[in-house]
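To start, the structure itself, in C-alpha cells.
In C-alpha cells form, the structure reads like this:
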C-alpha cells in the first residue's frame, strides 16, 4: 500500500537524521515513484532534517561522525532527486557551486570538512580543494567549475595574508566580479573580511551556509 | 645521530605501509574510537571537571594503545598508513625519555615526568604560543614573559609582517621571518638577563623551508625546543617528516604537538580522552618526541577551557602519567584576553587541572584564543605560574572544588569573545610593566582565589 506524504516525510527525515544512507535512498525512490514532487522532498523533508542535525551538532548533542553520516544520506537523496529533475528536462536543483579550501600555508582540515558536509547537504555542489591551496588553484578551479562562491579558510593569524593575496589575484586577472568570495576560520574577523574586500564572513559552519544562501538569493 | 635507524624505520613504514584513501582513514579513526570507547566501557561523569577514577584512567590507556595499533598514523604524501603493533608501541615507550634539560648555563631547567597529584612543580612555558604581534611590540611583549620568575622556558610570538611586508609561506619571506624571529627572541632573552633560557621554535616556520633555514648555527639552538605540529587527526606528510629529520640531525630537542578537535573525528568527551591519549603516544612512537604536547580545541570557540575539554584532558593526561613516563604538556588556550577577569579564571581552572593530572610542562596561556593580534601579556603567565605552583599541593578533590568555583565565574563568557585588550593597552611598552588597571584586576582575582583556599 502506498505511503502517504506524512509517513514518507517522517521516515525519510528519520533516516537522514540517523545517517541511514540505504534507507534514505530506498525511501526517496519510493517517494519519487509515488509521484511526490522532488522539490517537496528537498524543501519539506531534507532541509528541515538537516537543519535539525546541524543544530544538534552546534549543541554537541551529536558529533562530526554523525553529522557526516547524515550529510552522506542527504547527498544520496539529493543525487536521486537531481537525476529525476534533470531527466524531466527541468533545471538543476543545486543551490550553487562552492569552491572551498584552506589558503596557502594553512594545514587545517576539520572545520572545513564540517562546512563542506553542511553545504553539500543543503543542496550546494561543493568542490573541496583541501589544505594549503595556492591562490592560482582557487582561480583555476573557479573557472573550471563555473563556481558561484569561493570560500577561503584560514585558522592561523599567519596565514591571513594568503586570503588577501587570493582575493587580489582574482582582481588582478579581472575576475573578482565573477564570483562571491567569502572568508572564515578561527583567525578571521568581520573587520578583516571588510579590509580585504571579501563578500562575506561567517563565524561558524552553520553561519556560512546561511551566508552562501543569502548571497545567491541577492 | 643515535636515532638514524629508528628514523629510517619510520620513513620506510611511510613508504611501504598499507595504502589507504584519506577518507577511509578518517572513517577508521571515527569507528576505531567508538569501538574502543564501548569495548573499554569509557564513561565520563558529567558533573566533574577533574577525573578521580584511576580504573577508568587505565582503561583509557588500554583503549588508546589498542586503537593506535589498529589505526596507525596516516601519511598524506604516500597515502599509506604508518603502523606499529601493540608490542612495538609498548617496547618503544619503555625507551622514551623521562627527563630532559632545556636551556644553557644558569638559565637551564630540568623537566621530569610527573605523576597524578605529584607535589613536584611542572615547568611553565610562559608564552603567547605563536599569537601574532606587530614588529614594534615583538620584543617588549616577549620580555613581559621572560622577566617573570615563574616562567621557566618560553616561546616567541609570531610576526604579523616582516619589515612591513606580508609573510608568504615557502618563500624567501618565510625564511626571513624565521631568522628575524631568532634575532628578536635572542635579543629579548639578553635584554631580560636570561640569555640561556630555552625557547621553542620556529614559530614563523609554517613550512619545512622556514624550519630548515633558521634551525642551525646562529639560529635555534640545540638546547632549545624544536617544535612542529602533526595534522589532525593522526596524520603527517613529508613536510612534517622533513622537519623531524632536520631536528634529529641537528641533535635538537624534539617537541611536537597534536591538537585534536572536540566534536570532530573523535566525537565527544569519552572519544576525545582516547584520541588525545593515542595522539600523545603517536608523537613518541612515530615522531620520536622528547616531550609530547597538546592543545585540544573547541570547534566554535577555539579554546580548551570549557568543561567539555577540561575533563577529557584530565583523563587523558592522568592516563599518560599513570601508565608511561612520557614528558607531557598541555597548552592553555583561553577565550579571555588581557585586562579581563575571564582570562584569569580560565587560567585557574586549566592550570590546576593540568597540574594535578600529571603534566610535566604547561604552556601559555594562549590568551584570546591566540587568534587576535597582540592580545596577550606576561602578567597572565605570572598568574598562571602562581596558580600552578599552589596547585602542586592539592589533591584531586581539593582541585575540583577550586576549579568548580573558577568555572562558575567564566562559564557564561565563553561564547562572548571577551578578547580583552592589546599588549600596548595593558602594558607600558617602554617600561614593560602592566598598567595600574590590569594590575588591579590581577590583584583582585588573586585575592578572590586565595579566599577559596588556594595557597598563593
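Residue numbers (our numbering), protein chains in the order written: chain A, 999 to 1216; chain B, 77 to 532. All residues carry an ideal CB built from backbone N, CA and C; glycine is no exception.
Not one beta carbon of chain A lies nearer than 8 Å to the beta carbon of residue 284 of chain B.
Excluding five sequence positions before and after residue 159 of chain B, the CB atoms of its chain that fall closer than 6 Å to its own CB belong to 93 and 148, given in chain order. With at least 16 other beta carbons inside 10 angstroms of its own, residue 374 of chain B counts as buried.
Inside the stretch 103-163 of chain B, DSSP marks whole beta strand (DSSP E) runs of 3 or more residues at positions 149-151 and 156-158, from first to last along the chain.
Between the stretch 1080-1090 of chain A and the stretch 308-322 of chain B there are fewer than three C-beta pairs closer than 8 Å, too few to call the two in contact. Here residue 447 of chain B is not near residue 1203 of chain A, since their CB atoms are 8 Å or more apart. 375, 376, 378 and 384: these are the residues of the stretch 373-388 of chain B whose beta carbon lies less than 8 Å from some beta carbon of chain A, given in chain order. In this structure, residue 189 of chain B lies away from residue 530 of chain B, with their beta-carbon atoms at least 8 Å apart. In the structure shown, residue 1100 of chain A falls within a strand segment according to DSSP collapsed to helix, strand and coil. Taking C-beta atoms as the reference points, residue 291 of chain B and residue 276 of chain B fail to come closer than 8 Å. For the pair residue 86 of chain B and residue 323 of chain B, the Cα-to-Cα distance works out to about 15 Å. For residue 1176 of chain A, there is no enclosing alpha helix (DSSP H), as DSSP marks it with neither H nor E. Remark: C-beta atoms of residue 154 of chain B and residue 341 of chain B do not approach each other more closely than 8 Å. When the Cα atoms are used, residue 1128 of chain A and residue 315 of chain B turn out to be separated by approximately 16 Å. Beta-bridge pairing by DSSP links residue 186 of chain B to B/177.
Secondary structure remark: continuous beta strand (DSSP E) runs of at least 3 residues inside the stretch 280-361 of chain B, in chain order: 301-305 and 329-333. When secondary structure is reduced to three states using DSSP, residue 246 of chain B falls in the coil class, being assigned neither helix nor strand. Cβ contact annotation for residue 1195 of chain A (same chain, cutoff 7 Å, sequence separation greater than five): 1165, in chain order. Residues 308, 309, 342, 348, 351, 352, 355, 370, 372 and 373 of the same chain have their beta carbon placed closer than 8 Å to that of residue 336 of chain B, with the five preceding and five following residues left out of the count.
DSSP places residue 408 of chain B inside the beta strand (DSSP E), whose first and last residues are 403-409.
In summary, residue 201 of chain B is buried, with 16 or more beta-carbon neighbours lying within 10 Å of its beta-carbon over all protein chains present. For residue 1126 of chain A, the closest C-alpha among the options A/1005, A/1156 and A/1095 is that of A/1095. Chain B places no beta carbon closer than 8 Å to that of residue 1072 of chain A, leaving this residue out of the contacts. DSSP places residue 213 of chain B within a helical segment (H, G or I) once states are collapsed to three. B/528 is the residue among B/471, B/528 and B/378 whose C-alpha sits nearest the C-alpha of residue 482 of chain B. In the DSSP annotation of this structure, the continuous segment of the alpha helix (DSSP H) that includes residue 1208 of chain A starts and ends at 1203-1215. With the criterion set as a beta carbon lying under 9 Å from some beta carbon of chain B, the members of the stretch 1149-1176 of chain A are 1153, 1154, 1155, 1156, 1157, 1158, 1159, 1160, 1162 and 1163, in sequence order.
Residue 1126 of chain A: member of the beta strand (DSSP E) spanning 1122-1126, first to last residue. Sixteen is the threshold: since fewer than 16 other Cβ atoms of the shown chains lie within 10 Å of the Cβ of residue 84 of chain B, the residue is exposed. The criterion of a C-beta distance shorter than 8 Å is satisfied by residue 1207 of chain A and residue 1120 of chain A.
In the DSSP assignment, residue 461 of chain B falls within the unbroken alpha helix (DSSP H) covering 454-467.
Put simply, the stretch 173-182 of chain B does not touch the stretch 385-393 of chain B. Fewer than three CB pairs are less than 8 Å apart.
Taking all protein chains shown into account, residue 1144 of chain A has fewer than 16 neighbouring C-beta atoms within 10 Å of its C-beta and is therefore exposed.
Within chain A, 1155 and 1156 have C-beta atoms less than 8 Å from the C-beta of residue 208 of chain B, given in sequence order.
A Cβ-Cβ distance of about 16 Å is found for the pair residue 205 of chain B and residue 496 of chain B, leaving them out of contact under the 8 Å criterion. If the five residues before and after residue 1011 of chain A are omitted, its C-beta is found closer than 6 Å to the C-beta atoms of 1043 and 1047, all from its own chain and listed in chain order.
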